[in-house]
Amino acid sequence: MARTLNPFQDMDRLFTDLTRSPAAVGMPMDLFREGDTFYAEIDLPGVDPASVDVDVDDRTLTVRAERKTTAGEGERSWLTRERPTGTFARQLTLGSRVALDRIEAEYSDGVLRLTIPMAEDAKPRKISVAHGDSSKVIEA
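If you want it as structure tokens, here you go:
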């Protein structure tokens, strides 16, 4: 079977590996919105739940977690080592439209799920318009 030569594919893979940040390698994240709530799901397999720390300071949300090395580390001759260990941190800059006091975090099955609701005053709302000749109100 003939194989098409694509030298750019290997270069692209190498460039992607080199430019990937340590946080992206150790803490891959999905970020999405459903209605008036934002969700961040961060993969943290093998992380002790007690080491997970989430805090907000001046609209910057920081997640820290530690994946410890396994016992007997010094006795091993590694053939391949792809699972990163150590302390990882990831930061998200939050806009002024989120309710900082209502952010929730849950860690289950190796996934940290952050629930970030939109602030009430940032939600769209209807404004009634009064008509000048009578007390009729027109809903906008």
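For the sequence shown, the residue numbers in the UniProt record's numbering are 1 to 140.
Glycine included, each C-beta is placed from N, C-alpha and C at the ideal position.
At a cut of 8 Å, does the region 51-59 reach the region 99-115 through at least three beta carbon pairs? yes
If you measure between the beta carbons of LEU61 and LEU31, is that distance less than 7 Å? no
Whose C-beta lies closer than 6 Å to the C-beta of PRO49 among residues of the same chain, with five residues either side of it excluded? TYR107
Going straight from the alpha carbon of THR87 to that of VAL47, what length do you get? 10 Å
Since I believe ALA40 is in contact with MET27 (beta carbons under 8 Å), could you give me their beta-carbon distance rounded to a whole number of angstroms? With 8 Å as the limit, MET27 and ALA40 do not qualify as a contact, their Cβ atoms being about 10 Å apart.
Taking 6 Å as the cut-off, is the CB of GLU120 close to at least one heavy atom of the ligand MN? You won't find the ligand MN in this model; it holds no ligand whatsoever.
Contacts around GLN91, its chain only, beta-carbon distance under 6 Å, and the 5 residues preceding and following it disregarded: THR60 and THR62
Between which two residues does the beta strand (DSSP E) containing SER128 stretch? 128-130
From this set, ILE127, ARG125 and VAL98, which residue's C-alpha is nearest LEU117's C-alpha? Inspection of the sequence shows that residue 117 is occupied by Pro rather than by Leu. Nearest of ILE127, ARG125 and VAL98 to PRO117, Cα basis: VAL98.
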